[in-house]
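In our numbering, the protein residues as written are 406 to 716.
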């Protein structure tokens, strides 16, 4: 629903959201800037209430974001934007508000977090997280006495930058990671085993972004070695490549969950995604994955800490 990923059939999308809910996928990641995403949550909640009653709504976690343009932040600006999200989503409080800030040289992000903390204390927000902040800025936030429960960062078999500084920091300060890009927009799958996508196939923002990430990591030939290794492990456990890649990150310290992108009303991977909970990777599996990745370039040295690709 973020935009940039193709046409959305409104009715099919809501129908799909209902089916994901019935299958047990009850947590949604979204943002105020993701096109109609917050509105879709509101409509989804309304439809589910009609079908199953209002008590069913308690099972839903809709984790949104606030992504303001850097500039002077006031208490009224914060409250106005949070109330807009509440109205769009049809909720009286936000389960998790994830805050993103584009420009560290602009210091008003600390003001924003302080005003968000005030709203949390009022019960309008249940928990505050951040999105794509680096470890240095997390240290500043924690040292200022502000409480955050999570940081949403890119983390995959390909992109292990969180392991350098972020995870040790999170373990020390009881902050969880919500990991996205775990499947590299779908490139970590059987579909691309033995073949490289054409330019025309890279038809979403995610696919274009993660293809560049793979190129920086080590290129398509090394990526094929990784896919082949993941495939052997997947066959051993009777699951998919995507399941193995997800399970690998879910087992990492500080990781509370991985965020899987779904194209509502277009592609359905519900049954496959459910398999991630039915197996575990052993040491031989992890060693085989790590052996391939040891041949790759160091993305921390090339890009920097988590979120630096956006700055």
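Even for Gly, the Cβ is constructed at its ideal location relative to N, Cα and C.
Alpha-carbon spacing of residue i relative to residue j, whole angstroms
i	j	result
residue 450	residue 494	8 Å
residue 460	residue 414	28 Å
residue 508	residue 475	6 Å
residue 697	residue 630	7 Å
residue 520	residue 501	15 Å
residue 604	residue 666	21 Å
residue 561	residue 584	8 Å
residue 510	residue 716	11 Å
residue 637	residue 499	42 Å
residue 528	residue 628	46 Å
residue 506	residue 516	12 Å
residue 643	residue 713	37 Å
residue 369	residue 622	Nothing can be reported for residue 369, as the shown portion of the chain is limited to 406 through 716.
residue 685	residue 491	38 Å
residue 601	residue 453	41 Å
residue 427	residue 672	17 Å
residue 484	residue 523	10 Å
residue 616	residue 416	31 Å
residue 448	residue 412	18 Å
residue 530	residue 554	12 Å
residue 702	residue 463	44 Å
residue 480	residue 445	27 Å
Enclosing alpha helix (DSSP H) for residue i [first to last residue]
i	result
residue 649	646 to 655
residue 509	From DSSP, residue 509 is part of no alpha helix (DSSP H); its letter is neither H nor E.
residue 480	480 to 494
residue 620	610 to 622
residue 703	Counting along the chain, residue 703 falls outside any alpha helix (DSSP H), and DSSP gives it neither H nor E.
residue 456	442 to 457
residue 688	688 to 698
residue 577	571 to 578
residue 677	675 to 679
With 16 other Cβ atoms within 10 Å as the buried cut-off, status of residue i
i	result
residue 429	exposed
residue 548	exposed
residue 363	In the structure as shown, the chain begins at 406 and stops at 716. Residue 363 is therefore absent and cannot be evaluated.
residue 692	exposed
residue 624	exposed
residue 658	exposed
residue 567	buried
residue 707	exposed
residue 526	exposed
residue 626	exposed
residue 635	buried
residue 618	buried
Whole-angstrom C-beta distance between residue j and residue i, which should lie under 8 Å
i	j	result
residue 558	residue 571	7 Å
residue 535	residue 503	6 Å
residue 518	residue 551	5 Å
residue 663	residue 669	Not quite, the Cβ-Cβ distance comes to about 18 Å (not below 8 Å), so this is no contact.
residue 677	residue 647	7 Å
Start and end residues, beta strand (DSSP E) containing residue i
i	result
residue 433	432 to 434
residue 471	466 to 471
residue 628	Careful: residue 628 lies outside any beta strand (DSSP E), inside the alpha helix (DSSP H) at 625 to 642.
residue 502	501 to 504
residue 660	660 to 663
residue 427	Element bounds for residue 427: not the beta strand (DSSP E) but the alpha helix (DSSP H), 415 to 427.
residue 594	First-last for residue 594: undefined, no H or E at that position.
residue 584	581 to 585
Any non-hydrogen atom of the ligand FAD within 8 Å of residue i CB
i	result
residue 689	For the structure depicted, the ligand FAD is absent and the ligand set is empty, with no information on it obtainable.
Any alpha helix (DSSP H) of 4 or more consecutive residues that is wholly inside the stretch 516 to 564 | 540 to 548
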